[in-house]
Structures are given as structure tokens and as C-alpha cells.
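J.: Residues 29 to 238, numbered by the numbering used here, are exactly what the sequence shown covers, in order. Virtual Cβ for every residue (Gly too), placed ideally from N, Cα, C.
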Amino acid sequence: MIYHLYFDELDHDLLTSTTANLPISSHRFFQSSDGEIKQYFEVDTRVLYQELIDYQFQNIILFISSILENLVYLSETLVKKVSIHTKKNKPQSITMENFIELLGYLQRLKYRIYTDPISSCLQTHTIFLTRYLPTISIFRNRFIHGYAKNLFSDGYEYKISNVELPLTSASPDLSVSEFTKNIIENLKRLIPEFFTAITTKINASTDLPA
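#1: For the pair the segment 178–191 and the segment 57–68, tell me if three or more CB-CB distances fall below 8 Å.
#2: Counting only the same chain and skipping the five closest in sequence on each side, list residues whose C-beta sits under 8 Å from that of Y184.
#3: Please classify Y77 as buried or exposed, where buried requires at least 16 other C-beta atoms within 10 Å of its C-beta.
#4: What are the boundary residues of the beta strand (DSSP E) that Y68 is part of?
#5: Which residue marks the beginning of the alpha helix (DSSP H) containing H40, and which one marks its end?
#6: If I'm right that P162 touches L193 with Cβ under 8 Å, what's the distance once you round it to whole angstroms?
#7: From I172 to I166, what does the alpha carbon distance come to, in whole angstroms?
#8: If you count every other CB in all the chains shown that lies within 10 Å of the CB of T47, and 16 or more means buried, which is it?
#9: Which residues does DSSP list as the beta-bridge partners of H173?
#10: Near Y31, what residues of its chain come up, given a Cβ to Cβ distance below 8 Å and the 5 sequence neighbours on each side ignored?
#11: Drop a sphere of 10 angstroms on the beta-carbon of A232, count the other beta-carbons inside from all chains shown, and report buried for 16 or more, exposed for fewer.
#12: Does the ligand MG have a heavy atom nearer than 7 Å to the CB of I146?
#13: Am I right that L131 and S147 are in contact with their C-beta atoms under 8 Å? What's the rounded C-beta distance?
#14: Excluding five sequence neighbours on each side, which residues of the same chain lie with their C-beta closer than 6 Å to the C-beta of N214?
#15: Looking at C-alpha atoms only, which residue of G174, L218, R170, I52 is the closest neighbour of N190?
#16: Ordered along the chain, which non-local residues of its own chain (more than five positions away) have a Cβ less than 7 Å from that of I188?
#17: From the DSSP output, read off the bridge partner residues of F57.
#18: Can you give the beta carbon distance from Y175 to Q84, rounded, assuming they're within the 8 Å contact cut?
#19: Since I52 and L38 should fall inside the 8 Å C-beta cutoff, what is the C-beta to C-beta distance between them, to a whole number of angstroms?
#20: Kindly give me the distance between the Cβ atoms of R56 and L33, rounded to whole angstroms, as I take these residues to be in contact under 8 Å.
#21: Can you find the residues in the same chain that come closer than 6 Å, C-beta to C-beta, to F223, ignoring five residues on each side of it along the sequence?
#22: Work out the CA separation of D144 and M29 for me, nearest whole Å.
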């Protein structure tokens with residue numbers, strides 16, 4: 029909902045150069061099993077619009093990070109664990125980036141195979157994960173400690189700043205609308221495939237993890 033209300037029709041002109049489109053508003057209707065949800069905003073200054081987009085960018089990054097961490101949690105709960113720790117040192121959550129790194133260590137040590145359903149799913153999405161996870165993770169770490177601005181105007185577009193490799197300041201997909209669109213579209217494919225991979229792994233196992 030955050031993406032569709034704030035980012036899929038982002039007004040880059042207003043954010044970067046002109047105030048001709050003020051006041052600006054957007055409304056969206058979302059259907060759920062419980063009925064219809066309506067969301068709406070209207071602002072009448074460029075500064076307020078920039079602050080709104082900055083804040084909602086932080087929200088969408090934290091939401092995306094939470095989704096990825098929940099996928100990891102499901103895998104760690106229902107399938108053989110990747111992260112090993114004592115009961116006293118149990119982490120509050122494991123990021124997808126850390127999960128992939130730990131899984132890679134186990135595969136190189138031959139404790140896990142490269143062709144199990146979860147590994148195969150992650151390999152299918154490796155281009156997306158390799159390109160965007162480092163930046164998502166670093167933004168998530170900044171945002172959980174409070175508000176941090178990571179957007180700027182280059183005079184033409186409202187763009188992402190302070191990105192992590194392999195993204196650079198010259199990357200073509202740093203427009204905030206393009207960046208969020210790419211992540212959302214890839215998540216739409218990753219999430220159901222990851223659920224399927226977990227289900228396949230469970231069905232193929234004779235024992236549930238301890």
C-alpha cells in the first residue's frame with residue numbers, strides 16, 4: 029500500500045524543480061477479505077511533499093526488511109537451521125543478507141547442498157538479491173535507530189543516496205520511484221517462491237527440525 033500510494037506515481041518535477049503541480053494529492057483503494065481500505069494524502073508545499081516522501085521511503089524500507097526477516101524466520105523455524113547460537117545469545121532477528129551469507133558458508137563446508145529448494149530459490153533471485161540487499165540492509169540498520177535522510181534531488185529526479193555496492197552513485201536505477209518499483213516487483217516473485225521452497229523442503233523431510 030505504501031508503494032502504490034506514494035511511489036508509483038511520484039511527482040519528480042515537484043520534488044526537484046517546479047511548484048506548478050501544487051497542491052498535490054493521491055488516493056488509493058485497496059481490497060481485502062474484510063472490505064475496502066481507502067488511503068489518501070494531500071500537501072500544499074514542496075517541503076512537505078519532500079518530507080512525506082522521505083518519511084514514507086523509510087517506512088517502505090523497514091517494511092520490506094521485515095518481510096525478508098519473516099521469510100528467514102519461517103525457514104529457520106520449519107527447516108534445518110542456518111544460524112547456530114546459544115539460547116542466551118539468540119538474535120532478535122536474522123536479515124536475509126546474513127542468512128544467505130551463513131548458508132553459503134555451510135554449502136562451502138558441505139554441510140548443506142546447493143540444490144535444495146531454498147538454495148535453488150535464492151539462486152533464481154540472485155541478481156535481485158545481490159544488487160539490492162546490501163543497500164536495503166544498510167538503510168534498515170540506519171532507520172531502526174531513528175530517522176535518516178537518504179534521498180536527494182539532482183535537479184531532474186528524486187534519487188537514492190548513500191547506497192552500498194554493487195550500486196553506486198552512477199547506477200541508472202537510483203530514482204526513488206524506480207528503486208522501489210524494482211524491489212516490489214521482485215518481491216512479488218520471491219515471496220511465493222520462497223514459501224513454495226519451504227513447503228517442498230518440509231514435505232521432503234522425515235523429521236521436523238529440533
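T.: In this structure, then:
#1: no
#2: H40, T44, S45
#3: buried
#4: 63–71
#5: 40–44
#6: 6 Å
#7: 10 Å
#8: exposed
#9: Looking at the DSSP assignment, H173 forms no beta bridge with any residue, so it has no partner.
#10: I88, T208, K209, I212
#11: exposed
#12: In the structure shown, the ligand MG is absent, as is every other ligand, since no ligand is present at all.
#13: 7 Å
#14: F156
#15: R170
#16: N178, L179, L202, V204, F207
#17: K66
#18: At roughly 12 Å, the Cβ-Cβ gap does not stay under 8 Å, so Y175 and Q84 are not in contact.
#19: At roughly 10 Å, the Cβ-Cβ gap does not stay under 8 Å, so I52 and L38 are not in contact.
#20: 5 Å
#21: none
#22: 33 Å
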